[in-house]
Amino acid sequence: MSPVGVTLIIVSSPVIVASELVKRYGGVTAVGGISFEVAPGESFGLLGPNGAGKSTTMRMVGAVSTRTSGRLTILGLDPDHDGPEIRAQLGVVPQADNLDEELRVRENLMVYGRYFGLPMSYVRRKADDLLAFAQLQDKAKSKVTDLSGGMKRRLTIARGLMNDPRILLLDEPTTGLDPQARHILWDRLFRLKEQGTTLVLTTHYMDEAEQLCDRLIVVDKGVIMAEGTPASLIREYSTREVLELRFGADRNAEMAESLSGSGDRVEALPDRVLVYTADGEGELARLTEAGIRPLTSLVRRSSLEDVFLRLTGRSLIE
Amino acid sequence: MTAIQTRVLDASPSAAKARRFGAWYVAEHRLRVMRSYVSTVVIGAIGTPLLYLIAMGVGLGHLVGSTPIDGVSYLQFVAPALMCSAAVTVASEEFTYPVLSGFKWNPTFIGISSSPITPGQIIDGMVISVIVRAFVTSVIYWVIILFFGAMTVGVSALSVIVATLVGLAFGIPIMTYIATLERDTGQIAMVMRLVLLPLTLFSGTFFPLTSMPVYLQWIGWISPIWHGTQLARVLAYGAQVPGWLIVVHVLFLLALIVPFWWLSRRIAKRRLTA
Amino acid sequence: MSVDEVRMSAPARRRPGPLGALYAGNARAVLYRAFTATKSTNWAVVLSGAFEPVFYLLSLGIGLGPLVGTVEAGDGRAIPYAAFIAPALLATEAMNGAVYDSTWNVFFKIRYAKLYEGMLATSLGPLDVAIGEISFALLRGGMYAVAFMVVMQLIGLNLSWWALLALPAVLLVALAFASFGMGITSYMKSFQQMDIINFIMLPMFLLSGTFYPLSVYPQGVQLVIQALPLWQSVDLVRSLTTGAVSAGILWHVLYLAVMAALGMMLTTRRLRALFLD
Chain A
182 MSPVGVTLII VSSPVIVASE LVKRYGGVTA VGGISFEVAP GESFGLLGPN
232 GAGKSTTMRM VGAVSTRTSG RLTILGLDPD HDGPEIRAQL GVVPQADNLD
282 EELRVRENLM VYGRYFGLPM SYVRRKADDL LAFAQLQDKA KSKVTDLSGG
332 MKRRLTIARG LMNDPRILLL DEPTTGLDPQ ARHILWDRLF RLKEQGTTLV
382 LTTHYMDEAE QLCDRLIVVD KGVIMAEGTP ASLIREYSTR EVLELRFGAD
432 RNAEMAESLS GSGDRVEALP DRVLVYTADG EGELARLTEA GIRPLTSLVR
482 RSSLEDVFLR LTGRSLIE
Chain B
64 MTAIQTRVLD ASPSAAKARR FGAWYVAEHR LRVMRSYVST VVIGAIGTPL
114 LYLIAMGVGL GHLVGSTPID GVSYLQFVAP ALMCSAAVTV ASEEFTYPVL
164 SGFKWNPTFI GISSSPITPG QIIDGMVISV IVRAFVTSVI YWVIILFFGA
214 MTVGVSALSV IVATLVGLAF GIPIMTYIAT LERDTGQIAM VMRLVLLPLT
264 LFSGTFFPLT SMPVYLQWIG WISPIWHGTQ LARVLAYGAQ VPGWLIVVHV
314 LFLLALIVPF WWLSRRIAKR RLTA
Chain C
14 MSVDEVRMSA PARRRPGPLG ALYAGNARAV LYRAFTATKS TNWAVVLSGA
64 FEPVFYLLSL GIGLGPLVGT VEAGDGRAIP YAAFIAPALL ATEAMNGAVY
114 DSTWNVFFKI RYAKLYEGML ATSLGPLDVA IGEISFALLR GGMYAVAFMV
164 VMQLIGLNLS WWALLALPAV LLVALAFASF GMGITSYMKS FQQMDIINFI
214 MLPMFLLSGT FYPLSVYPQG VQLVIQALPL WQSVDLVRSL TTGAVSAGIL
264 WHVLYLAVMA ALGMMLTTRR LRALFLD
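Residue numbers (the working numbering), protein chains in the order written: chain A, 182 to 499; chain B, 64 to 337; chain C, 14 to 290.
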């Protein structure tokens, strides 16, 4: 599309630079000074529980919410002055679908394409192309309300791609979808990543973050708790394995007390006790020998959930 | 099918085009949506004038008798008023539910605002689309009125523009109000019953305002329907209205359209970019 | 009363006989639900509904009345124009309220809220649902009618003691339209189709001798208008409030009673077809 040299220059500088970004609503601080950069072609994630400030951050990056303070440039432009110029190069997949229910599936894409000043003839071809990408060809003339949740989300993604965006923003892309629909969606997002689209996504699912993100920040209460690749975060904030023990709801807390000292660290949750250790099976054998008899036991690899628990003392999905 | 094929040089997304034509793209969207209930629109646009002209003009006119009202027959007297009311009805449909829906129920405005389009352009686009529908409705009304012989071809054609303006003067302030709503707990029904209906009935639509007691005439004075209808009557059959009053009528309509349009844009901006 | 006794006395058993599969004799459970649901309604909106016919009456009675002068009542007396249109507005309001409650409201409950599906999954039968819903519509319509008749009385538009009978007459009108409307709504699939109802209501309102006597029409048109249910209703109510009563109004009563019965049969059959077959 553009001369090779130009492309190279663009590639070398970050597409999003946020520094000390703050957003307050009245007296409530939704985002309390977060800083990050996203490189072109990168897949960048914001992981955190509901209400952590992820969606607010996404709206500021999407140039639809003005920041209270801090610096923010998207594709080298300031959203306060160049909103339309920035949004012309973004694709947005919001958390709540806002497809037009009064239009048919294909019309939704065409109408949206027009908002980018694209000619009608082009918008038609592009819509067909994206319907194929979203695996919705045979739904082209359907009503939006007749689509399943997964189909609606794929259509929203297709809509966000009408303008060939340089950055695709996805807010909780698979929340509320069944496992099969999630996997179909992830597959589509992988393909976009392979084609070089920069992805920025928020999620409160650690498996999603592990699957899709090259790099991520863990956000809680509007501030960044940690930053890194999924693997490095797990290495840094958790052990290799986790031993999960259940003693029944009444006894978990009490047993956690008596287990303290085993493994690297012990966490008591209402429904289970977690023992962090490099060798789960070995730890379980030691505990059994010491006469501890849990109702059930399970050894698994550490995940981002454990990182979050370690950083905040709370579970990600409550 | 894996890769997305369609990428052509001359179709790069353009913020400049969106800045210039954004409102028209929104209007295009709204008109496309209207196509999904086009049968309602068309039957309404043709059926309503036929019905009202027969019932009010011919039926009621028979009852009123041959005494001239405002110097003309009853049918000639009500025809311009009915045309203005039709435009007001169109505006009250398009500026209520679709506006609340766009912000809330089916939040298409939020979707649009993540494209280069600005919130102000969304409001402008809504207004443009209503102008189109109200204008077309008024033209159809005018043609049917010609068939009934209640107007003659000529200056009366300009009453179509007046009717469209009345629609806007009534509808845009309503849009401003609706844009501030978080949800509908019957406010829209209340607007229809307590604002639209009385303003239609007490604005000199079916009888001269002066035949009402003075303590009820004020309803007409604050009603865009009365101001617009009087203008339309001047154009339709040369009703005798002093020049200064014509100026007042025009200014009154503009005074409702311009500030509330501006206010709607501000509310939309506050709401969509918070 | 112990729990067992309560269970014994509950009218949940299916009654034997021709209505056995349709009617559990428990329409009041449906009515109870409707009352409970109104607690969360916006009362200002309900109240504002009462103003609609009053606005028409004041506007046309005060503004248009002087232009029209007097109109001939059924028995040839000359009556003021306001007294002529007031009963028509009363009948029209009964129609509008009944049709709204039995069409838009019911449409939403059938297609979106799935309310009846839930009700019919219990021991309730389709006739319970129909009777319960229509009774509620009548109660509300009755309240509006009383309010409007009070206004008429204050302005002096009830010209005869017969006017007292206008209240049951209005309820009959509402029953006829509500039972028919509910049956028709069960065929509707989309909001677009629901618009058809408006296309029928508006012409009936404007043309059924509401604002002017039937005599303005040519003979042939008069016959068509007389066949419309709203004209039947308007003429019935107008005869009563103006005191121009003759045995002929019994035909109106019969017309509306038959309409109500047919509507009820249609509704029951349709609810059964939709949810039980």
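In this text, a Cβ means the ideal position worked out from N, Cα and C, and glycines have one as well.
Just so it is clear, the structure is predicted and the values come from calculations on it, not from any experiment.
Check	Outcome
Identify each residue in the segment 190-218 of chain C for which the Cβ-Cβ distance to at least one residue of chain B is less than 7 Å, and report them in chain order.	Gln-205, Asp-208, Phe-212, Leu-215 and Pro-216
Quick one: which chain A residues come within Cβ less than 8 Å of Gly-107(B)?	Near Gly-107(B) there are no residues of chain A at all, since even the closest Cβ is about 17 Å away, more than 8 Å.
With a threshold of 16 other CB atoms inside 10 Å of the CB of Thr-383(A), please say whether the residue is buried or exposed.	buried
Rounded to whole angstroms, what is the Cα-Cα separation between Val-266(C) and Val-321(B)?	55 Å
On the three-state DSSP scale, how would you describe Lys-322(A)?	coil
Are Val-325(A) and Ser-177(B) closer than 7 Å when you measure CB to CB?	no
Residues of chain B with CB under 9 Å from Val-58(C), in chain order?	Thr-248, Gly-249, Gln-250, Ala-252, Met-253 and Arg-256
Please report the distance separating the alpha-carbon of Val-59(C) from that of Asp-352(A).	41 Å
Rounded to whole angstroms, how far is the Cβ of Pro-112(B) from the Cβ of Leu-145(B), which I believe are closer than 8 Å?	7 Å
Residue ranges of each alpha helix (DSSP H) run of no fewer than 4 residues wholly in the segment 303-335 of chain B, ordered along the chain?	306-335
By how many angstroms is the C-alpha of Leu-137(C) removed from the C-alpha of Pro-24(C)?	Any answer about Pro-24(C) is weak, because its pLDDT of 48 lies below 50 and its placement is not dependable; what the coordinates show is given next. Computed Cα separation, rounded: 10 Å.
Output the residue ranges of the beta strand (DSSP E) runs that lie fully inside the segment 392-468 of chain A and measure 3 residues or longer, sorted by chain position.	396-401, 404-409, 422-427, 446-449 and 454-458
Under a three-way DSSP split, which group does Ile-238(C) fall into?	helix
Relative to chain A, which residues along the segment 131-160 of chain B have a C-beta separation below 7 Å, given in chain order?	none
Do you know how far the Cα of Val-186(C) is from the Cα of Tyr-129(C)?	25 Å
Less than 7 Å between CB atoms is the rule here; does Met-275(B) satisfy it with respect to chain C?	yes
Using a Cβ-Cβ cut-off of 7 Å, state whether Gly-461(A) counts as contacting chain B.	no
Opposite Phe-217(A) in the DSSP bridges: which residues?	Ala-199(A)
Looking at Ala-240(C) and Gly-87(C), is the spacing between their C-beta atoms short of 7 Å?	no
Which word fits Glu-375(A), buried or exposed, when buried means at least 16 other C-beta atoms lie within 10 angstroms of its C-beta?	exposed
Does the count of Cβ pairs from the segment 453-460 of chain A and the segment 356-365 of chain A closer than 8 Å reach three?	no
In angstroms with no decimal places, state the Cα-to-Cα distance between Arg-333(B) and Leu-326(B).	11 Å
Using a Cβ cut-off of 9 Å, pull out every chain A residue sitting near Thr-111(B), in sequence order please.	Chain A residues near Thr-111(B): none, gap ~23 Å exceeds 9 Å.
Do you know offhand how far Thr-378(A)'s Cα is from Ile-348(A)'s?	6 Å
Give me, in chain order, the residues of the same chain whose beta-carbon lies closer than 6 Å to that of Thr-254(A); leave out the 5 immediate sequence neighbours on both sides.	Val-198
Could you give the uninterrupted runs of the alpha helix (DSSP H) lying entirely in the segment 293-360 of chain A, keeping only those of 4 residues or more?	301-314 and 330-341
Does the Cβ of Glu-91(B) lie closer than 6 Å to at least one heavy atom of the ligand GTP?	No copy of the ligand GTP appears in this structure; indeed no ligand is present at all.
Step through the CB atoms of chain B and report whether any lies within less than 7 Å of the CB of Gly-76(C).	yes
With a cut-off of 8 Å, do at least 3 Cβ pairs link the segment 393-400 of chain A to the segment 218-232 of chain A?	yes
My output table needs one value for Ile-288(B): the three-state DSSP class, helix, strand or coil.	helix
Under a CB-based cut-off of 7 Å, is Thr-65(B) close to chain A?	Here Thr-65(B) scores only 47 on pLDDT, less than 50, and its place in the model should not be relied on; the value that follows carries that caveat. Answer yes: the Cβ-Cβ gap between Thr-65(B) and chain A drops below 7 Å somewhere.
Whole angstroms is fine: what's the gap from Gly-222(C)'s alpha carbon to Pro-66(C)'s?	16 Å
Is there at least one Cβ from chain B nearer than 7 Å to Phe-161(C)'s Cβ?	no
Quick check on this structure: which residue in Gly-234(B), Phe-269(B), Leu-272(B) and Val-218(B) has the alpha carbon closest to the alpha carbon of Leu-389(B)?	Coverage of chain B is limited to positions 64 through 337, which leaves residue 389(B) absent and any answer about it impossible.
Relative to the C-alpha of Ala-500(A), which residue among Gly-174(B), Ala-154(B) and Leu-94(B) is closest?	Residue numbering for chain A in the displayed model covers 182 to 499; residue 500(A) lies beyond these limits and cannot be assessed.
Using the DSSP secondary-structure output, state which residues sit across from Lys-204(A) in a beta bridge.	Val-212(A)
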